[in-house]
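For reference, the structure is listed below as structure tokens.
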Ligand SMILES: [Zn+2]
């Protein structure tokens, strides 16, 4: 349409979640209406984030610091670790301000169909964290899917010998729904009513 640069830019946007060809074209047009004030800052921000942001080596969160801002926050309760599937879930819980402890990001759920086994997730890192001591409770905040339930069961089994208290967020988490799409009130209720 307007040369290879424009085409590839539109294709990159079109592959992002929630966007398609039509939205991608609108975004690119909007950016090009004022390249200096819209496009150049976006390009700089993307380059800066790509260079600086890494997974936290302790919890798996994304941050430009390692250990991340949450892991190094001395105000947080280090004895409670909330296990989530992805960084989006961690962000959702942080937005809802319902958890004052630390997190552990698994990086997915066990899934026989997708071929995801324990070694593909950050399970051994979680076991190591608990084995180090200082953790009194592990909250399993996994989605209410079959895979989420399987994963929660597996982790509870693996943690059982450590004697750590294991709780799960209460339902109110819709079947098949990830934490990220829940409103803050629902999240707060689910976490407070853990058992
Ligand atoms: Zn961290």
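Numbering (the working numbering), first residue to last: 3 to 197. For every residue, glycine included, the Cβ atom is placed at its ideal position computed from N, Cα and C.
1) Flag this pair as yes or no: are the beta carbons of residue 103 and residue 83 separated by less than 8 Å?
2) I want to check one thing, is the minimum distance from the CB of residue 72 to the heavy atoms of ligand 1 below 7 Å?
3) As a quick exercise: from 94, 14, 167, pick the residue whose alpha carbon is nearest that of residue 138.
4) Does DSSP classify residue 9 as helix, strand or coil?
5) Are residue 120 and residue 112 touching if we call contact CB-CB under 8 Å?
6) Use the C-beta contact count for residue 34: other C-beta atoms within 10 angstroms, 16 or more gives buried, fewer gives exposed.
7) For the alpha helix (DSSP H) that residue 29 lies in, which residues bound it at each end?
8) Out of curiosity, what's the CA-to-CA distance linking residue 150 and residue 86?
9) Kindly list the residues whose CB is nearer than 8 Å to the CB of residue 54, restricted to its own chain and excluding five residues on each side of it in sequence; keep chain order.
10) For ligand 1, is there a heavy atom less than 7 Å away from the beta-carbon of residue 2?
11) Out of 30, 18, 24, state which residue places its alpha-carbon closest to the alpha-carbon of residue 7.
With the structure as the only source:
1) A contact, by the Cβ cut-off of 8 Å.
2) Inclusion of residue 72 in the 7 Å shell around ligand 1 follows from its C-beta lying nearer than that to a non-hydrogen atom of the ligand.
3) Nearest C-alpha to residue 138 among 94, 14, 167: 167.
4) In the structure shown, the three-state DSSP call for residue 9 is helix.
5) Closer than 8 Å, so yes.
6) Looking at its Cβ environment, which holds fewer than 16 other Cβ atoms inside 10 Å, residue 34 is exposed.
7) Residue 29 -> alpha helix (DSSP H) spans 23-35.
8) So the alpha carbons of these two residues sit roughly 10 Å apart.
9) Only 66 meet the Cβ criterion.
10) Any property of residue 2 remains undetermined from this structure, which presents the chain solely from 3 to 197.
11) 30 is the residue among 30, 18, 24 whose C-alpha sits nearest the C-alpha of residue 7.
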